[in-house]
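Asker: In my numbering, the protein residues as written are 1 to 388. We treat Cβ as the ideally placed atom computed from N, Cα and C, and that holds for glycine. As the structure is a computational prediction, the values presented were derived from the model and not from experiment.
#1: Check for me: the beta strand (DSSP E) holding residue 340 runs from which residue to which?
#2: Give me whichever residues DSSP pairs with residue 269 in a beta bridge.
#3: Counting along the chain, where does the alpha helix (DSSP H) carrying residue 286 start and finish?
#4: If we count the other Cβ atoms within 10 Å of its Cβ and call it buried at 16 or more, is residue 245 buried or exposed?
#5: Is residue 338 closer than 8 Å to residue 313 when the C-beta atoms are compared?
#6: With a threshold of 6 Å on Cβ separation, who are the neighbours of residue 229 within its own chain once the five nearest residues in sequence on each side are excluded?
#7: Assuming residue 304 and residue 139 make a contact with CB atoms under 8 Å, what is their CB distance in whole Å?
#8: If I'm right that residue 137 touches residue 121 with Cβ under 8 Å, what's the distance once you round it to whole angstroms?
#9: Just the C-alpha distance for residue 166 and residue 49, rounded to the nearest angstrom, thanks.
#10: Buried or exposed for residue 442, going by 16 or more other Cβ atoms inside 10 Å?
#11: Specify the secondary structure class of residue 378 as computed by DSSP and reduced to three states.
#12: Between 211, 22, 356, which lies nearest to residue 68 when the distance is taken from Cα to Cα?
#13: Would you kindly check if the distance between the Cβ of residue 308 and the Cβ of residue 391 is under 8 Å?
#14: Would residue 324 be called buried (16 or more neighbouring beta carbons within 10 Å of its own) or exposed?
#15: Run through DSSP, which three-state label would residue 134 get?
#16: Of the residues 64, 328, 310, 142, which one's Cα is nearest the Cα of residue 179?
#17: Could you tell me the alpha carbon to alpha carbon distance between residue 190 and residue 241, rounded to whole angstroms?
#18: For residue 380, count the other beta carbons within 10 Å of its own beta carbon; 16 or more makes it buried, fewer makes it exposed. Which is it?
#19: Are there 16 or more other CB atoms within 10 angstroms of the CB of residue 39, so buried, or fewer, so exposed?
#20: Start and end of the alpha helix (DSSP H) containing residue 260?
#21: Within 10 Å of its beta-carbon, does residue 365 have 16 or more other beta-carbons around it, so buried, or fewer, so exposed?
#22: Find out if the Cβ-Cβ distance for the pair residue 29, residue 66 is shorter than 8 Å.
#23: Identify which residue in 352, 321, 346 has its Cα closest to the Cα of residue 330.
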C-alpha cells in the first residue's frame, strides 16, 4: 500500500475561494414539450400535467425542458472537477388563478388509474392486500408534486445541438414512444439512466430490468405564498436540487453540464386532468416569451465554492481486511461536522457524511487493486488499496 499526494495539492489548498452565487435570470431555451404544441419555443406559458397509464400518451405528458447558457458567468471547458458546486436552485413562476392542490412528496406509481376504469383504487383495497383486484392504492395526500429530473438525450437528439425549437419526439396519442430528450434518474447500483416519462406504465427501461417504478425526483417544487382557488397574482415555485442524490451523480451531472456551458432540467408533474378542464387545474408556468404583468422567466442560481478547505483535511486513509475496503477522511477538528465529502473508488463517487472529525467509507466483497481518492474537496489525495 502506498500514498500519493499530487503536485497540485499545495496550489489547491492555497486558492480555496469563498462561496459565490451566479444568477441566470433568463433561460437560453424553455420549451413546452408536449405533442400538440404547434408553436415550439415560442409559447408564453407551459402546463405540467400527466396522463398516467393511458396508452398512446407518455405518463408525463405536458412537460417543460429548460436550459440556461452558463458560459457568460462561469467559464466552460475547465473539466468537471473544477466546478465546486455547492447549491443549485430554480424558480419558476405560475400564472394567477391556480386551483391545484399543493403536494410536496413523491407519489408511488400504483396510486394512479392503472386499469383506466376511471377510478383510483376503485376496489378500496390497498395494492397487494387480500381482495385487491386493480393493483392500485389511494394516494396518502391530495395533489401531485411538481418534480425536476435530469435531461437525457438520444438516440436522435444530443446535448450540443438541441434547442427549444427542435422537433418533438415522443408518444403522440397513437403510439407509445420514449421521449427525446427524456426525463431521467440514475439507477441505484449501476448508475445507468432510467427513463421517467412512462414510469407508471413501466416502459423504456426493459434492458435495465426495470418496469413500473417510482423515481426519486432531484427536486420538488415548493409554491411560495400560494392559496389554491384564491390566487389572483402570479407566484413563485422554488426548487432546490438534491446534489447528493444517487451517490453524488446528480452533482456530477451539474459539473459536467457547467463544463459544457449549458445546464438542463426537466420540469414535470403527473397532475390529473379532467375533460374540459383548464390550465388552472395543474401547474402552468411562464416561459421567457411572456409579456404578462408579473410574468418572470425561469431563474437559475448556481453557488460555487465555499467548500471544505484542503488545509482542514488532515489525511485520507485506506486499507482492506477480509474483503472489506475501508477508508476515512480525517479533519483537523470537528468544525465540518454534518457536511459531506466525496470519495471515489476506481472512479465511482461515494458521498459521505462527516461525523465529528471523520467521514467513513466501507465497501464489502472487494478484491484486487483499487484506487481511493478524495475528490470533494479536491485536495489531490489518493491511496492505492490492495484487497486479497
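Answerer: In terms of the structure at hand:
#1: One-based indexing of the chain shown puts residue 340 at position 340. DSSP places residue 340 inside the beta strand (DSSP E), whose first and last residues are 340-345.
#2: The count along the chain shown starts at 1 and reaches residue 269 at position 269. According to DSSP, residue 269 bridges with 146.
#3: Position 286 of the chain shown holds residue 286. Unbroken run through residue 286 is the beta strand (DSSP E), 284-286; no alpha helix (DSSP H).
#4: Within the chain shown, numbered from 1, the residue matching residue 245 stands at position 245. Around the Cβ of residue 245, a 10 Å sphere holds 16 or more other Cβ atoms; the residue is buried.
#5: Start at 1 with the first residue of the chain shown, and residue 313 comes out as number 313. Start at 1 with the first residue of the chain shown, and residue 338 comes out as number 338. No, they are not a contact pair.
#6: On the chain shown, position 229 is the one that residue 229 refers to. Closer than 6 Å at the Cβ level, and outside the excluded window around residue 229, lie 99.
#7: Within the chain shown, the letter at position 304 stands for residue 304. Within the chain shown, the letter at position 139 stands for residue 139. Contact between residue 304 and residue 139 is ruled out by a C-beta separation of about 38 Å, above the 8 Å threshold.
#8: Numbered from 1 along the chain shown, position 137 holds the residue referred to as residue 137. Numbered from 1 along the chain shown, position 121 holds the residue referred to as residue 121. Residue 137 to residue 121, Cβ: 6 Å. Contact.
#9: The sequence position of residue 166 within the chain shown is 166, counting from 1. The sequence position of residue 49 within the chain shown is 49, counting from 1. For the pair residue 166 and residue 49, the Cα-to-Cα distance works out to about 21 Å.
#10: What is shown of the chain runs 1 to 388, which leaves residue 442 out entirely.
#11: By one-based count along the chain shown, residue 378 stands at place 378. In the displayed model, residue 378 falls within a strand according to three-state DSSP.
#12: Translated into positions along the chain shown, residue 68 becomes position 68. Restricting attention to 211, 22, 356, the CA atom closest to the CA of residue 68 is found in 22.
#13: Residue 391 cannot be examined here, being either before or after the span of the chain that is shown, 1 to 388.
#14: Translated into positions along the chain shown, residue 324 becomes position 324. Answer is exposed; the Cβ neighbour count stays below 16.
#15: Your numbering for residue 134 matches position 134 in the chain shown. It is coil, neither helix nor strand.
#16: By 1-based counting over the chain shown, the position of residue 179 is 179. When 64, 328, 310, 142 are compared, the shortest CA-CA separation from residue 179 is found for 64.
#17: Along the chain shown, one-based indexing puts residue 190 at 190. Along the chain shown, one-based indexing puts residue 241 at 241. Taking the Cα positions, residue 190 is about 21 Å away from residue 241.
#18: For the purposes of this step, residue 380 is taken as the residue at position 380 of the chain shown. It is buried - the Cβ of residue 380 has at least 16 other Cβ atoms within 10 Å.
#19: In the chain shown, residue 39 corresponds to position 39, counting from 1. Looking at its Cβ environment, which holds fewer than 16 other Cβ atoms inside 10 Å, residue 39 is exposed.
#20: Numbered from 1 along the chain shown, position 260 holds the residue referred to as residue 260. First-last of the alpha helix (DSSP H) with residue 260: 249-260.
#21: The residue you call residue 365 lines up with position 365 of the chain shown. Of the residues assessed, residue 365 falls on the exposed side of the cut-off, its CB having fewer than 16 other CB atoms within 10 angstroms.
#22: As a working mapping, residue 29 is identified with position 29 in the chain shown. As a working mapping, residue 66 is identified with position 66 in the chain shown. Against a cut-off of 8 Å, the Cβ pair of residue 66 and residue 29 comes out as a contact.
#23: By 1-based counting over the chain shown, the position of residue 330 is 330. Checked all of 352, 321, 346; the closest Cα to residue 330 is 352.
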